[in-house]
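Novice:
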Amino acid sequence: MTALAGDAGLHAFLDALAIAFKAIAKLFLLGLIGFVPMKLGKITERQFKLAVRFAVDVFVPLTLVLALARSFTPAALTEGSIVILMAVFWIVGGALLTQIWFRFRPGESPAQDRAISAVVAIQNSMYLPIPMAMAVLPPELREQALVYIGLAIFATSPLQWTLGTYLVSDRRDEPAHWLETVKKSLSMPVLGVVAGVLLSMVPPVAAAAKNDPASPLLLREAFGVVRILSLLISPIAMILLGMMLASVDTKERIRKRHAGLAITVRLLVMPALVFLAMGLVEGVPPLVRFIVMLEAASPSAINLAIAAQRFGAQGALVSRLQLPIYACAIVTLPVWVAFELMHFPLP
Numbered sequence: 073m074t075a076l077a078g079d080a081g082l083h084a085f086l087d088a089l090a091i092a093f094k095a096i097a098k099l100f101l102l103g104l105i106g107f108v109p110m111k112l113g114k115i116t117e118r119q120f121k122l123a124v125r126f127a128v129d130v131f132v133p134l135t136l137v138l139a140l141a142r143s144f145t146p147a148a149l150t151e152g153s154i155v156i157l158m159a160v161f162w163i164v165g166g167a168l169l170t171q172i173w174f175r176f177r178p179g180e181s182p183a184q185d186r187a188i189s190a191v192v193a194i195q196n197s198m199y200l201p202i203p204m205a206m207a208v209l210p211p212e213l214r215e216q217a218l219v220y221i222g223l224a225i226f227a228t229s230p231l232q233w234t235l236g237t238y239l240v241s242d243r244r245d246e247p248a249h250w251l252e253t254v255k256k257s258l259s260m261p262v263l264g265v266v267a268g269v270l271l272s273m274v275p276p277v278a279a280a281a282k283n284d285p286a287s288p289l290l291l292r293e294a295f296g297v298v299r300i301l302s303l304l305i306s307p308i309a310m311i312l313l314g315m316m317l318a319s320v321d322t323k324e325r326i327r328k329r330h331a332g333l334a335i336t337v338r339l340l341v342m343p344a345l346v347f348l349a350m351g352l353v354e355g356v357p358p359l360v361r362f363i364v365m366l367e368a369a370s371p372s373a374i375n376l377a378i379a380a381q382r383f384g385a386q387g388a389l390v391s392r393l394q395l396p397i398y399a400c401a402i403v404t405l406p407v408w409v410a411f412e413l414m415h416f417p418l419p
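Okay, so the sequence shown: first residue is 73 according to the numbering used here, each after it adds one.
1. Out of curiosity, what's the CA-to-CA distance linking D245 and Q184?
2. Helix, strand or coil: how does DSSP classify Q195 here?
3. Determine the extent of the alpha helix (DSSP H) in which F174 is found, giving its start and end residues.
4. Does the beta-carbon of L348 have 16 or more other beta-carbons within 10 angstroms, so that it is buried, or is it exposed?
5. Measuring alpha carbon to alpha carbon, tell me which residue in W162, P201 and P182 is nearest I194.
6. What is the DSSP secondary structure of D245, reduced to helix, strand or coil?
7. Taking the Cβ atom as the reference point for each residue, do S143 and Q216 lie within a distance shorter than 8 Å?
8. Could you round the C-beta distance between M310 and P211 to whole angstroms and report it? I think they count as a contact, below 8 Å.
9. Which whole-angstrom value describes the C-beta separation of A410 and F85, a residue pair presumed to lie in contact below a C-beta threshold of 8 Å?
10. Can you confirm whether the stretch 164-184 touches the stretch 276-285 when touching is taken to mean that 3 or more C-beta pairs between the two stretches lie within less than 8 Å?
11. Mark A77 as exposed unless 16 or more other C-beta atoms lie within 10 angstroms of its C-beta, in which case mark it buried.
12. Evaluate R361 with the Cβ neighbour count: other Cβ atoms within 10 Å of its Cβ, from every protein chain shown; 16 or more gives buried, anything less gives exposed.
13. Comparing C-alpha positions only, which one of S189, V130 and A97 sits nearest to R338?
14. Evaluate contact between the stretch 269-277 and the stretch 88-97, counting only Cβ atoms and requiring at least three cross-stretch pairs below 8 Å.
15. Give me the Cα-Cα distance between P261 and H83, rounded to the nearest whole angstrom.
16. Look up S319 in the DSSP assignment and say whether it is helix, strand or coil.
17. Give me the Cα-Cα distance between M315 and S391, rounded to the nearest whole angstrom.
18. Leaving out five residues on either side along the sequence, give the residues of the same chain with a beta carbon under 6 Å from the beta carbon of L218.
19. Rounded to whole angstroms, what's the CA-CA distance from P371 to N196? Just pull it up for me.
20. Going by DSSP in three states, S181 sits in which element: helix, strand or coil?
21. Excluding five sequence neighbours on each side, which residues of the same chain lie with their C-beta closer than 6 Å to the C-beta of L136?
22. I want to know whether the stretch 328-347 touches the stretch 394-409 - three or more CB-CB distances under 8 Å.
23. Considering only C-alpha positions, which residue in the set P417, W233, L393 and A127 is nearest to R327?
24. Between P109 and A286, what straight-line distance do the alpha-carbon atoms span, to the nearest angstrom?
25. Ignore the nearest five residues each way along the sequence and tell me which others in L213's own chain have a CB closer than 7 Å to its CB.
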């Protein structure tokens, strides 16, 4: 019986792994659509920044507004609160782990060590998790998954622009003005989450988001337009991610010590700790567990490089670390997804 159970578990893992690798292979190809022309100089830095701003300030918020207006409920918040809790856990935990490491094995400078801590602690909560979830999950679960991803963004984005900014800043005694930090924390995706939650509590708006024929026609048509836009979020996110990685300056050599630490803690240690921590919590729906592991196993936040360039001198270091981390995530992320699905199959 034990051997049969072991064979069944192995088959379940391999099946899930095949699904995950198939999904990330498609996403990788989408990323190349952005990576190649950006690398060849066919897309200027200005065009790239405009595209990123449009996606972050329009596509992502509208997609979250639609998903939350349709599917958010107090029960979803109760079930998904563990997403917020675990996001704080892996961000703060990742920063602490690396700071403890540097306490015993300091690097070339404290500013550099803090920047690496930021890369380890703060994951990509949006550009990769959204398309990965859309690619792996069956259609009936995708919208609810966006609700939980919205909760992860709600937790991660403010921490990225507060704790993350603090870590990548070279001069801790001269932090960014508090008003600038607040503005960054209240990013459009975060505001989209708040707006979607509020709109879900207005019955006519929620009905229009669900395309209810009895809802106001104008609202229903407006949400119909948003629904069309939301279909593009996955390919746009991956194309932009490809552009971001292509814009990384690779002229300087990446130190193995830096890359090894970032990859080990960000892609292996923190997901393992999150999986163990989630095992102590009972009654968590499989879809919520899936989103928690997907977020926890995701590579570093690309926007950290922007913060590092704006508030310190570690922008080049943070950017260079992204390439090896994302290259390894092509393997580690599907493995974690398969491992999660093997232990907690989706309904």
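Glycine included, every Cβ here is placed at the ideal spot set by N, Cα and C.
Specialist: Looking at the atomic coordinates:
1. Bear in mind that the predicted position of D245 carries a pLDDT of just 45, short of 50, making it unreliable; the figure below should be weighed with that in mind. Whole-angstrom Cα-Cα distance: 16 Å.
2. strand
3. P146 to F176
4. exposed
5. W162
6. With a pLDDT of only 45 at D245, under the threshold of 50, the placement of this residue in the model should not be trusted; the figure read from the coordinates follows. Here D245 sits in coil by DSSP.
7. yes
8. Actually they are not in contact, since the Cβ atoms of M310 and P211 sit about 19 Å apart, beyond 8 Å.
9. 6 Å
10. no
11. A caution first: A77 carries a pLDDT of 47, below 50, which makes its placement in the model unreliable, though a value can still be read off. Counting Cβ neighbours within 10 Å, A77 comes out exposed, since fewer than 16 surround it.
12. buried
13. S189
14. no
15. 38 Å
16. coil
17. 13 Å
18. A139
19. 6 Å
20. coil
21. G222, G264, V265 and G268
22. yes
23. L393
24. 47 Å
25. L359 and L418
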